[in-house]
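S.K.:
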Amino acid sequence: VYVGDWDGDGKDTIAVRRGNKFFVNNDTTGGPADTVFHYGRPGDVVLVGDWNGDGIDTLAVRRGKTYHVKNSLKGGDADHVIHYGRAGDEVLVGDWDGNRTDTFAVRRGKEYHVKNAIAGGHADHVIRYGRDTDEVIVGDWNGDRRDTFGVRRGSQYHLKNSISGGNADVVINFGRNTDAVLVGDWNGDGRDTLGLRRSGSAPPAPAPGGMSREAREALNALSGIRVTTTEAPGYQRSEFGSGWWTRDGCNTRQRILARDLTNVKTSNGCTVTSGVLNDPYTGTRINFTNAHPNDVQIDHVVPVSAAWKMGANNWTYEERRAFYNDHDNLLAVDGPTNSSKGDKTLGEWRPPNSAFHCEYTITYVEVTDDYDLALKPADVDYAREKLPNC
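Below is the structure:
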């Protein structure tokens, strides 16, 4: 799936690719494609951008460090062929200088080499941002006609409004860890926002090498996680705050319900009054109403008591409160199943729904790694056994 303004009306829509055949739709609706054409080879890496500043997005195909740029939505020869960067670079597309023409940037770990022309040669800017393992997205987040970077960590997005390092300007939570994220100006207001593509509750699709990218990263992270049989004593729930954070009149529980449920209805712009949960822990469908709030509970994938015993006892009170409310570690789930889990760790408990074991394991390891917590030997043993099959 690709996102672009294919007809120059200022609104981004979807195109899908099957091999080297592209189906372009000029509305955010279903139905037949408006344009169908062939370009490149089935194995090409495809990039989308407005390469000539005419307001219409078109394609470029990448073969190693060679780019074949096309200025129209049709087949045939490329309009420009350039060489830039290295064959192994991750390539990003954006209008970095606000001249309404998209160009390339290459990413090497957390270093970005930004070019303001469709040409080879040295980068115009080199910056560092985020972490090596971040998923990176590009968009014009503030409507200043300049694209900048955002990094995604699970369902949390750290967006930057300038081509520079340092802290993010905006941090938001949206969707689920396993969603594919799409960036576009969906309503033509000049600002890019997020869209999610969701294929269901199945575990991440395997990568060509066997494991999904998320599973491979989690397996690699295990080697850097401390393993211990020693547990810090003295756990008390109050060490993680008095409950959910409330920000802008809405607490964390309501935000997670709104994120994880479908057909959501709210009151006061916040409180979820009803919705449907496709419960990841049991694989069942739960019709939720706030008349029976315990039917759906919010689970900490890494239990707070386990976090305390594995290292959070050394954190500040504010750090523990932030962990308690971290959306990456929270899921809306079946209440009785969550109660049966209690404070058990990965090696001691998994959801009854075996189809969710991969995602559960990946999340458990990612959160542990992000917070520099330790794992028990049984946690590591299970993760090493499970992740290669995810």
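Throughout the sequence shown, residue numbering follows our numbering, covering 5 to 394 in sequence.
Cβ atoms here follow ideal geometry from the backbone N, Cα and C, with glycine treated the same way.
Just confirm the distance between the C-beta atoms of Y133 and K114, as a whole number of angstroms; I'd bet it's less than 8 Å.
M.R.: 6 Å
S.K.: Using DSSP with H/G/I as helix, E/B as strand and the rest coil, what is L51?
M.R.: strand
S.K.: Which residue marks the beginning of the alpha helix (DSSP H) containing V231, and which one marks its end?
M.R.: Segment: none, V231 is in no alpha helix (DSSP H) and carries neither H nor E.
S.K.: Between the alpha carbons of P208 and V175, how many angstroms are there, rounded?
M.R.: With a pLDDT of only 48 at P208, under 50, the local geometry of the prediction cannot be trusted, and no value is derived from it.
S.K.: If you count every other CB in all the chains shown that lies within 10 Å of the CB of T152, and 16 or more means buried, which is it?
M.R.: buried
S.K.: For S242, is the classification buried or exposed, using 16 other Cβ atoms within 10 angstroms of its Cβ as the cut-off for buried?
M.R.: exposed
S.K.: Along the chain, where does the beta strand (DSSP E) that runs through Q258 open and close?
M.R.: Q258 -> not in any beta strand (DSSP E); alpha helix (DSSP H) instead, spanning T256 to D264.
S.K.: Is it right to say S271 is buried, meaning 16 or more other beta carbons lie within 10 angstroms of its own, or is it exposed?
M.R.: exposed
S.K.: Buried or exposed: which applies to H117, given that a residue is buried once 16 or more other Cβ atoms fall within 10 Å of its Cβ?
M.R.: buried
S.K.: Grouping DSSP H, G and I as helix and E and B as strand, with all else coil, what is G34?
M.R.: coil
S.K.: Quick one: complete beta strand (DSSP E) runs, 3+ long, within the stretch 295-340?
M.R.: Runs of the beta strand (DSSP E) inside the stretch 295-340: 300-304 and 334-338.
S.K.: Out of curiosity, what's the CA-to-CA distance linking V40 and C362?
M.R.: Answer to the nearest angstrom: the Cα atoms are 37 Å apart.
S.K.: Does I131 come out as helix, strand or coil in the three-state DSSP assignment?
M.R.: strand
S.K.: Checking the sheet assignment: what are the DSSP bridge partners for Q160?
M.R.: R157 and N177
S.K.: Does E352 come out as helix, strand or coil in the three-state DSSP assignment?
M.R.: DSSP places E352 in coil when its eight states are reduced to three.
S.K.: What does H42 pair with, by DSSP beta-bridge criteria?
M.R.: According to DSSP, which records beta bridges pairwise, H42 is partnered with K25.
S.K.: Leaving aside the five residues before and after F27 along the sequence, list all residues of the same chain whose C-beta is less than 7 Å from its C-beta, in chain order.
M.R.: The answer, listed in chain order, is A19, V20, A37 and V40.
S.K.: Would you call the stretch 194-202 and the stretch 329-348 touching, i.e. three or more CB-CB distances under 8 Å?
M.R.: no
S.K.: Three or more beta-carbon pairs under 8 Å between the stretch 322-340 and the stretch 250-268, yes or no?
M.R.: yes
S.K.: Does any CB atom of chain B fall closer than 8 Å to the CB of V20?
M.R.: Absence of chain B from the displayed structure is noted, only one protein chain being present.
S.K.: Give the DSSP bridge partners of G98, in chain order.
M.R.: T107
S.K.: On the three-pair Cβ rule with 8 Å, is the stretch 123-142 touching the stretch 152-167?
M.R.: yes
S.K.: If you draw a straight line from the C-alpha of D373 to the C-alpha of L226, how long is it?
M.R.: Rounded to the nearest angstrom, the two C-alpha atoms are 8 Å apart.
S.K.: If we count the other Cβ atoms within 10 Å of its Cβ and call it buried at 16 or more, is G238 buried or exposed?
M.R.: G238 counts as exposed, since fewer than 16 other beta carbons sit within 10 angstroms of its beta carbon.
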